[in-house]
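*Asks:* Structure provided below as structure tokens; questions to follow.
Number of protein chains: 4
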Amino acid sequence: MSEIKELTNKIKKFQDERDWRQFHNHKDVALSLVLEAAELLEHFQWKSPQEVDQHAKECKDEIADELADVAIYLFEFADNLGIDLSSAIEQKIVKNGIEYPIEKSKGRHTKHNKL
Amino acid sequence: MSEIKELTNKIKKFQDERDWRQFHNHKDVALSLVLEAAELLEHFQWKSPQEVDQHAKECKDEIADELADVAIYLFEFADNLGIDLSSAIEQKIVKNGIEYPIEKSKGRHTKHNKL
Amino acid sequence: MSEIKELTNKIKKFQDERDWRQFHNHKDVALSLVLEAAELLEHFQWKSPQEVDQHAKECKDEIADELADVAIYLFEFADNLGIDLSSAIEQKIVKNGIEYPIEKSKGRHTKHNKL
Amino acid sequence: MSEIKELTNKIKKFQDERDWRQFHNHKDVALSLVLEAAELLEHFQWKSPQEVDQHAKECKDEIADELADVAIYLFEFADNLGIDLSSAIEQKIVKNGIEYPIEKSKGRHTKHNKL
Numbered sequence: 000m001s002e003i004k005e006l007t008n009k010i011k012k013f014q015d016e017r018d019w020r021q022f023h024n025h026k027d028v029a030l031s032l033v034l035e036a037a038e039l040l041e042h043f044q045w046k047s048p049q050e051v052d053q054h055a056k057e058c059k060d061e062i063a064d065e066l067a068d069v070a071i072y073l074f075e076f077a078d079n080l081g082i083d084l085s086s087a088i089e090q091k092i093v094k095n096g097i098e099y100p101i102e103k104s105k106g107r108h109t110k111h112n113k114l
Numbered sequence: 000m001s002e003i004k005e006l007t008n009k010i011k012k013f014q015d016e017r018d019w020r021q022f023h024n025h026k027d028v029a030l031s032l033v034l035e036a037a038e039l040l041e042h043f044q045w046k047s048p049q050e051v052d053q054h055a056k057e058c059k060d061e062i063a064d065e066l067a068d069v070a071i072y073l074f075e076f077a078d079n080l081g082i083d084l085s086s087a088i089e090q091k092i093v094k095n096g097i098e099y100p101i102e103k104s105k106g107r108h109t110k111h112n113k114l
Numbered sequence: 000m001s002e003i004k005e006l007t008n009k010i011k012k013f014q015d016e017r018d019w020r021q022f023h024n025h026k027d028v029a030l031s032l033v034l035e036a037a038e039l040l041e042h043f044q045w046k047s048p049q050e051v052d053q054h055a056k057e058c059k060d061e062i063a064d065e066l067a068d069v070a071i072y073l074f075e076f077a078d079n080l081g082i083d084l085s086s087a088i089e090q091k092i093v094k095n096g097i098e099y100p101i102e103k104s105k106g107r108h109t110k111h112n113k114l
Numbered sequence: 000m001s002e003i004k005e006l007t008n009k010i011k012k013f014q015d016e017r018d019w020r021q022f023h024n025h026k027d028v029a030l031s032l033v034l035e036a037a038e039l040l041e042h043f044q045w046k047s048p049q050e051v052d053q054h055a056k057e058c059k060d061e062i063a064d065e066l067a068d069v070a071i072y073l074f075e076f077a078d079n080l081g082i083d084l085s086s087a088i089e090q091k092i093v094k095n096g097i098e099y100p101i102e103k104s105k106g107r108h109t110k111h112n113k114l
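Residue numbers (numbering that gives the first Met the number 0), protein chains in the order written: chain A, 0 to 114; chain B, 0 to 114; chain C, 0 to 114; chain D, 0 to 114.
Structure, rendered in structure tokens:
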């Protein structure tokens, strides 16, 4: 079994043991993904580039927990919709390559619609 | 090589071909993760439960793209910090099990600090 | 003096007494606005429509605090950029009226680019 | 009538003309507030401090529109809950003063629970 599928199974088992599927409609899971991503971002609020790097080193475990929270909702969401996340990522990288051709986007952070 | 590691390598290769590492400090990557999660959530704005389900079916490909965008920043972020995302998820599930014991949390969506 | 201007002055006075202007660049203030809006949204996570209404009544004071946090960053941000928020709102309502003509949008939550 | 009340009345009139009250439950309005704040934040994604300042000057009108979008949902939300936003802000400034005493927080961006 694939790594992501195996992790997803553990996530779903955890939820089913708690009978939480009734709450996990797509809207609330997407909303929860935003909230967890915001908790990650809060780690860097008001911090200078130097403070950001130092904080990332000092609080690596807390940050790993926040990343895991994001991953848990992400893997669940993909599974709820019957989306193969691994294929979705591979396909998106191809699409991004078309939107951001190397010669146009190299060394620039300009968005594709303004390239 | 693990599935997540392999996907992460493709993500990093894409960025390095475009010389984007200079922009991808932790703060901006975390911020981007929030923005992509918000784009996913926008799919469900103002929609009733029935509309949410129908939309998820009809727009599965667009939603898969949004999930991929979240995953791309998530995998990159973990790699930038030297975090093994797979272990982080497994450890977080264990922690969540302590915060949400089955007997207390079954069939309830109450947050752990109010259980 | 206008109500918003008067509130903005109190917000700026609070910050200047703490010498916080050095941290309040546009990026971090916008980021903070997102974080505060996310804290507001968290109040409604996993809740059914009935629970949402009941919670809003029971926790009105906490929610008022979250709204104030959003307002504080919003008013500060507008002031930092020399934007008259009151005029900006009036002008946006006019623009919204063009994007959402009554005859097309009445009783529908469809986004303007799909109307 | 107060400035905020007057603006709120225009916002509610706009919505009522379109019969949108049926969609504007607290959860969706809070969710929309997050989405609009994220659109504001997107203006500053990947930008260096110098680029942030320059962009804020060059795109002042677009940013004013984003701020107005945030304000529109904020004023509506407060009104839907019967919250006087002006008083809420004044009270929150007092609370913040207790959490962030000048002598402890001057020149520091440390969060109150770590001061």
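Positions of the beta carbon are idealized from the N, C-alpha and C atoms, including for glycine. Owing to the predicted nature of the structure, the values given are computational and were not obtained by experimental measurement.
For A:L34 versus B:L73, is the C-beta spacing smaller than 9 Å?
*Replies:* Within the first sequence, numbered from 1, the residue matching residue 34 of chain A stands at position 35. Within the second sequence, numbered from 1, the residue matching residue 73 of chain B stands at position 74. Contact flag unset, no.
*Asks:* So D:D68 packs on D:K11, CB below 8 Å; how close in whole Å?
*Replies:* If you number the fourth sequence from 1, residue 68 of chain D lands on position 69. If you number the fourth sequence from 1, residue 11 of chain D lands on position 12. With a Cβ gap of about 16 Å, D:D68 and D:K11 do not count as contacting.
*Asks:* Do A:I101 and B:R17 have their beta-carbon atoms positioned less than 9 Å apart in this structure?
*Replies:* For this step, residue 17 of chain B is matched to residue 18 along the second sequence. For this step, residue 101 of chain A is matched to residue 102 along the first sequence. In contact: B:R17 and A:I101 (Cβ atoms closer than 9 Å).
*Asks:* Does the segment 36 to 47 of chain C touch the segment 28 to 42 of chain A, meaning 3 or more C-beta pairs lie closer than 8 Å?
*Replies:* Contact holds: three or more Cβ-Cβ distances are below 8 Å.
*Asks:* By Cβ distance, which residues of its chain are closer than 8 Å to C:Y99, with the 5 residues on each side in sequence left out?
*Replies:* Start at 1 with the first residue of the third sequence, and residue 99 of chain C comes out as number 100. Excluding positions up to five away in sequence, the list reads H111 and L114.
*Asks:* Strictly below 8 Å CB to CB, what residues from chain C border A:A55?
*Replies:* For this step, residue 55 of chain A is matched to residue 56 along the first sequence. None at all; the shortest Cβ gap to chain C is about 16 Å.
*Asks:* Tell me which residues of the segment 0 to 31 of chain C have at least one Cβ-Cβ distance to chain B shorter than 7 Å, keeping chain order.
*Replies:* So the close ones are L30.
*Asks:* Count the other CB atoms within 10 Å of the CB of D:S86; is the residue buried (16 or more) or exposed (fewer)?
*Replies:* Here residue 86 of chain D refers to the residue found at position 87 when the fourth sequence is read from its first residue. Result: exposed.
*Asks:* Just to confirm the assignment: which complete alpha helix (DSSP H) runs, minimum length 4, are found wholly within the segment 55 to 97 of chain A?
*Replies:* Complete alpha helix (DSSP H) runs here, min 4: 59 to 79.
*Asks:* By a C-beta neighbour count over all protein chains shown, 10 Å radius and 16 as the cutoff for buried, is C:S95 buried or exposed?
*Replies:* Indexing the third sequence from 1 puts residue 95 of chain C at position 96. For the sequence presented, residue 95 of chain C should be read as Asn rather than Ser. C:N95 is buried by the Cβ-count criterion.
*Asks:* Counting only Cβ pairs nearer than 7 Å, list the residues of chain E close to A:V69.
*Replies:* Among the protein chains in the structure shown, which are A, B, C and D, there is no chain E.
*Asks:* So, at 8 Å on beta carbons, what are the nonlocal neighbours of B:E14 in its own chain, with the 5 sequence-adjacent residues on each side left out?
*Replies:* Counted from its first residue, the second sequence places residue 14 of chain B at position 15. What sits at residue 14 of chain B in the sequence shown is Gln, not Glu. For B:Q14, where only same-chain residues beyond five positions count, the Cβ hits under 8 Å are R20, H23 and E75.
*Asks:* Rounding to the nearest angstrom, what Cα-Cα distance links D:Q90 and B:L84 in this structure?
*Replies:* Here residue 90 of chain D corresponds to residue number 91 of the fourth sequence, with the count starting at 1. Here residue 84 of chain B corresponds to residue number 85 of the second sequence, with the count starting at 1. If I take the Cα positions, the gap works out to 42 Å.
*Asks:* Using a Cβ-Cβ distance under 9 Å, would D:K91 count as near chain A?
*Replies:* In the fourth sequence, residue 91 of chain D corresponds to position 92, counting from 1. So no, D:K91 is outside the interface.
*Asks:* Anyone know if the C-beta pair for A:A55 and A:H42 falls short of 9 Å?
*Replies:* Indexing the first sequence from 1 puts residue 55 of chain A at position 56. Indexing the first sequence from 1 puts residue 42 of chain A at position 43. Contact flag set, yes.
*Asks:* For B:S1 and B:G106, I'd like the C-alpha separation in whole angstroms.
*Replies:* By one-based count along the second sequence, residue 1 of chain B stands at place 2. By one-based count along the second sequence, residue 106 of chain B stands at place 107. When rounded, the distance between both Cα atoms is 35 Å.
*Asks:* Does DSSP put B:L6 in a helix, a strand or coil?
*Replies:* Taking the second sequence and counting its residues from 1, one reaches residue 6 of chain B at position 7. Reduced to three states, the DSSP call for B:L6 is helix.
*Asks:* By the three-class DSSP mapping on this structure, what secondary structure does B:Q44 have?
*Replies:* To locate residue 44 of chain B, count along the second sequence from 1; it is residue 45. It is coil, neither helix nor strand.
*Asks:* Check each candidate in B:V93, B:I71 and B:L80 and name the one with the smallest Cα separation from B:I3.
*Replies:* The residue labelled residue 3 of chain B in the question sits at position 4 within the second sequence. Comparing Cα-Cα distances from B:I3 to each of B:V93, B:I71 and B:L80, the minimum goes to B:I71.
*Asks:* I'd like the span of the alpha helix (DSSP H) that includes C:S104, first residue to last.
*Replies:* Stepping through the third sequence from its first residue, residue 104 of chain C is reached at position 105. Note, C:S104: alpha helix (DSSP H), I101 to S104.
*Asks:* I believe C:L80 touches D:I62 by the beta-carbon criterion, under 8 Å. Please report the beta-carbon distance rounded to the nearest angstrom.
*Replies:* Position 81 of the third sequence, counting from 1, holds the residue named residue 80 of chain C. Position 63 of the fourth sequence, counting from 1, holds the residue named residue 62 of chain D. Right, the Cβ-Cβ distance comes to about 6 Å (below 8 Å), so this counts as a contact.
*Asks:* Would you tell me roughly how many angstroms separate the C-alpha atoms of B:Q44 and D:D27, rounded to the nearest one?
*Replies:* As a first step, residue 44 of chain B must be located in the second sequence, where it is residue number 45. As a first step, residue 27 of chain D must be located in the fourth sequence, where it is residue number 28. In a straight line, the C-alpha of B:Q44 is about 6 Å away from that of D:D27.
*Asks:* List the residues of chain C whose Cβ lies closer than 8 Å to the Cβ of A:V33, in chain order.
*Replies:* Residue numbering aside, residue 33 of chain A sits at position 34 when the first sequence is read from its first letter. Result: A37 and L40.
*Asks:* For A:W65, does the count of other Cβ atoms within 10 angstroms reach 16, so buried, or fall short, so exposed?
*Replies:* As a first step, residue 65 of chain A must be located in the first sequence, where it is residue number 66. First, the residue type needs correcting, since residue 65 of chain A is Glu and not Trp in the sequence shown. Buried, because 16 or more other Cβ atoms sit within 10 Å of the Cβ of A:E65.
*Asks:* Between the Cα of B:T109 and those of C:L6, C:S47 and C:H108, spot the shortest distance and give me the residue it belongs to.
*Replies:* The residue labelled residue 109 of chain B in the question sits at position 110 within the second sequence. When each option's Cα is compared against that of B:T109, the closest is C:S47.
*Asks:* Can you list, in chain order, the residues of the segment 95 to 111 of chain C whose Cβ is nearer than 8 Å to any Cβ on chain B?
*Replies:* So the list reads H108, given in the order they occur along the chain.
*Asks:* At the level of alpha carbons, what is the spacing between A:V93 and D:V51?
*Replies:* Start at 1 with the first residue of the first sequence, and residue 93 of chain A comes out as number 94. Start at 1 with the first residue of the fourth sequence, and residue 51 of chain D comes out as number 52. Cα to Cα, the separation comes out at about 30 Å.
*Asks:* Which residues in chain C sit within 9 Å of A:Q49, going by Cβ to Cβ distance?
*Replies:* Sequence index remark: in the first sequence, residue 49 of chain A carries index 50 (1-based). Within 9 Å Cβ-Cβ: nothing; A:Q49 doesn't reach chain C, min ~14 Å.
*Asks:* Measure from the alpha carbon of A:C58 to the alpha carbon of each residue in B:C58, B:Q49, B:E57 and B:I82, then state which is nearest.
*Replies:* Taking the first residue of the first sequence as position 1, residue 58 of chain A is located at position 59. A:C58 has its Cα closest to that of B:I82, out of B:C58, B:Q49, B:E57 and B:I82.
*Asks:* Sorted by chain position, which residues of the same chain lie with C-beta nearer than 7 Å to D:L162's C-beta, five sequence neighbours on each side aside?
*Replies:* Given a span of 0 to 114 for chain D in the structure shown, any question on residue 162 of chain D remains unanswerable.
*Asks:* Distance check for A:H25 and C:S104, CA to CA, integer angstroms please.
*Replies:* Looking up residue 104 of chain C in the third sequence gives position 105. Looking up residue 25 of chain A in the first sequence gives position 26. When rounded, the distance between both Cα atoms is 25 Å.
*Asks:* B:L80 touches chain A at which residues, Cβ-Cβ below 9 Å?
*Replies:* What you label residue 80 of chain B is simply residue 81 of the second sequence in a count that begins at 1. Within 9 Å Cβ-Cβ: A55, K56, K59, I62, A63 and L66.
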